[in-house]
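Okay, structure first, notes after.
Protein chains: 2
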Amino acid sequence: MSITNPKQALYEQFAMVAKAMGNAQRLEVIEHLAQGSRSVEALAAKMKLPTANVSQHLQAMRRAGIVTSERDGRFINYRVSDESVLAAFAAVRLVAERQSAEVARVVHEWFHRRDEMEPISRVELAKRMKKGLVTIIDVRPPDEFQLGHLPGAINVPISEIKSRLSLFAAGRDIIAYCRGPWCVMSFEAVAQLRSKGLSARRLEDGLPEWKAAGLPVESGL
Amino acid sequence: MSITNPKQALYEQFAMVAKAMGNAQRLEVIEHLAQGSRSVEALAAKMKLPTANVSQHLQAMRRAGIVTSERDGRFINYRVSDESVLAAFAAVRLVAERQSAEVARVVHEWFHRRDEMEPISRVELAKRMKKGLVTIIDVRPPDEFQLGHLPGAINVPISEIKSRLSLFAAGRDIIAYCRGPWCVMSFEAVAQLRSKGLSARRLEDGLPEWKAAGLPVESGL
DNA sequence: AAATCATTCAACGTAATTATTGAATGTATC
DNA sequence: GATACATTCAATAATTACGTTGAATGATTT
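For the protein sequence lines, the chains are D and Y, in the order given.
According to our numbering, the first sequence is numbered sequentially starting from 281.
According to our numbering, the second sequence is numbered sequentially starting from 281.
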């Protein structure tokens, strides 16, 4: 374990990063932080976990250098320290997606035949937004919406989608998005909308990927 | 731990991949396998580890879907199951490189001031190869060389470089490469060559990256 | 069929990881 | 300064990971 040769030392460092990502809870934290910086408490509330638990996961990730923290009043806000972290997350996700039949199975079983929910690409959506042909709904909770969302998107939290189904016009295409490509909420939103005969599709990715692609983002109210 | 909701299940799958990469020995195995398929014994010999140990690491990675195996006679050859695995490895490495001062420090200390060894890029090398301006040396062991190397490269294993220093012409640029960007051998080769007043540089990456970029590879003798 | 050889398995001890609990720390507010 | 509150620390217990050893498996060769 002692650092005797440089090769070993480097591999240890790389392994530390991978190990920090090798936990389901921590990956979920990373996905939340991909939306922007969050306090420990805010993360704990989102994930319905004890604060101390989340705090420890955050510290583990800080030791590996994949998140950083900054005090703001009595809160401590964490953020991913670099886009390379999100790239690594995406790369790991891709491996799982390609290699594991288990992932494909889970997606299939829970998301009601994914092929019927062909996602729309960022590029295609950007084009259609210019022509004003689409209604974009952001199905994330209001606090996340306020911190940043797609231009012109309306916020319909997944919890309220049933009660607001009547508001959507039948003739327009509706595009739903949320946190990322594996975020459950947009799948559910599309399923709900389609069950009412509306034309709905998911955005292929979520807000982080949209921002990362350099496309415009609105924030505030 | 039981798979109750799909989100959790997916994160568990992603975490499994990251966890499989979260070990220094396994990362080294991946780097070896990036060169091509290898038997358990061959890997164990390279890494100077017990066969059973390497076997167990390989099985752990197979469970995560990042390597696959195939029997050939009495050997079992393992290989990385997909390029996405190498991409994930590279992404993890980049995170470590960007975030960890420790990595920068180790590289600095052990590789004798890296800035004096400015690496040459793949693109630049490809250009200069066309003009015939460079001598390319592959400092990996002969067995790896035989399985595939850069066109026109000559094999000078790092162990023999001292005894073959007199063979190099003073007027020509020498480019050394080995397994990948963090492979120690090419750093050492450049240091040796420079100590004799020769003009030597490292290729920025190694053979796997060269292949991945679609550039030509020679094999056999 | 016996021998050989690569790989895997089983069992063991040690170490690391994880979640949980309650106390401690440090900052802002009254 | 006292209080409230977000975060971290410390201690515990349960689980999993890691490396080592020697035996078992499975395919090839003699």
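Every residue, glycine too, gets a C-beta built ideally from N, C-alpha and C.
Note that the structure is a prediction, hence the values are computed from the model and not measured.
- The stretch 480-493 of chain D and the stretch 290-300 of chain Y do not touch, with fewer than three beta-carbon pairs separated by less than 8 Å.
- Identification of chain Y residues near GLN288(D) by a Cβ-Cβ cut-off of 8 Å yields ALA304, ordered along the chain.
- Look at ASN357(D) here: in three-state DSSP terms it is strand.
- Taking 8 Å as the threshold, the shortest C-beta distance from MET327(Y) to chain D does not fall below it.
- Its chain contains ASN357 as the residues whose beta carbon lies nearer than 6 Å to that of GLU350(D), once the 5 sequence neighbours on both sides are disregarded; these appear in chain order.
- Identification of chain Y residues near MET301(D) by a Cβ-Cβ cut-off of 7 Å yields ALA298, ordered along the chain.
- When 7 Å is used as the limit between beta carbons, GLN379(Y) is near these residues of chain D: GLY345, ILE346, SER361 and ASP362, in chain order.
- Secondary structure at ASN333(D): helix, using DSSP grouped into helix, strand and coil.
- Following the DSSP letters along the chain, one finds ARG482(D) in no alpha helix (DSSP H) but inside the beta strand (DSSP E) bounded by residues 480-482.
- Inter-residue distance for VAL436(D) and LYS442(D) is about 10 Å (C-alpha atoms, whole angstroms).
- The beta carbon of ARG342(Y) is closer than 8 Å to those of THR348, SER349 and TYR358 in its chain, skipping five residues each way along the sequence.
- For the pair VAL470(D) and ARG481(D), the Cα-to-Cα distance works out to about 6 Å.
- Look at the stretch 450-468 of chain D: the residues with a C-beta under 7 Å from a C-beta of chain Y are TRP462 and VAL464.
- ALA368(D) reaches chain Y at ALA368, ALA371, VAL372, LEU374 and VAL375, counting residues in chain order whose Cβ is nearer than 8 Å.
- Between LEU483(Y) and chain D, the shortest Cβ-Cβ separation is not below 8 Å.
- Rounded to whole angstroms, VAL497(Y) and VAL464(Y) show a C-alpha spacing of 22 Å.
- Neighbourhood of ALA295(Y) in chain D, by CB distance below 7 Å: GLY302, ASN303, ALA304 and LEU307, in chain order.
- Residue state for VAL470(D) is assigned as helix, using DSSP reduced to three classes.
- Among the CB atoms of chain Y, one or more fall inside 8 Å of the CB of GLU292(D).
- Contact between the stretch 295-302 of chain Y and the stretch 332-346 of chain Y is established, with three or more Cβ pairs separated by less than 8 Å.
- Pairing GLU311(Y) with SER317(Y), the inter-Cα distance amounts to about 11 Å.
- Here PRO431(Y) is exposed. Its C-beta has fewer than 16 other C-beta atoms within 10 Å.
- Taking C-alpha positions only, VAL403(D) is separated from PHE425(D) by approximately 21 Å.
- As far as DSSP is concerned, ASN303(D) takes part in no beta bridge.
- Among the CB atoms of chain D, one or more fall inside 8 Å of the CB of VAL365(Y).
- Relative to ALA322(D), the option among PRO461(D), ARG444(D), ILE455(D) and PRO421(D) whose CA is nearest is PRO421(D).
- Sorting LEU313(Y), GLN315(Y), MET296(Y) and ALA304(Y) by C-alpha distance to the C-alpha of LEU307(D) places MET296(Y) at the top.
- PHE369(Y) and LEU495(Y) have their alpha carbons spaced roughly 20 Å apart.
- Of all alpha-carbon atoms in LEU313(Y), GLY428(Y) and GLY412(Y), the one lying nearest the alpha-carbon of ASP418(Y) is that of GLY428(Y).
- About 6 Å separates the beta carbons of LEU366(Y) and ALA314(Y), which is inside the 8 Å limit, making them a contact pair.
- Taking a 10 Å sphere around the C-beta of LEU447(Y), we find fewer than 16 other C-beta atoms and assign the residue as exposed.
- In this structure, THR415(D) sits away from ARG459(D), with a CB-CB distance that is not shorter than 8 Å.
- DSSP lists ILE417(Y) and ARG482(Y) as the beta-bridge partner residues of ALA456(Y).
- Within the same chain, ASP485 come within 6 Å of PRO461(D) by CB-CB distance, once the 5 residues on both sides are set aside.
- Taking 8 Å as the cut-off, the Cβ atoms of VAL360(D) and VAL334(D) do not count as close.
- Counted as a single uninterrupted DSSP element, the beta strand (DSSP E) harbouring ASP352(D) occupies residues 347-352.
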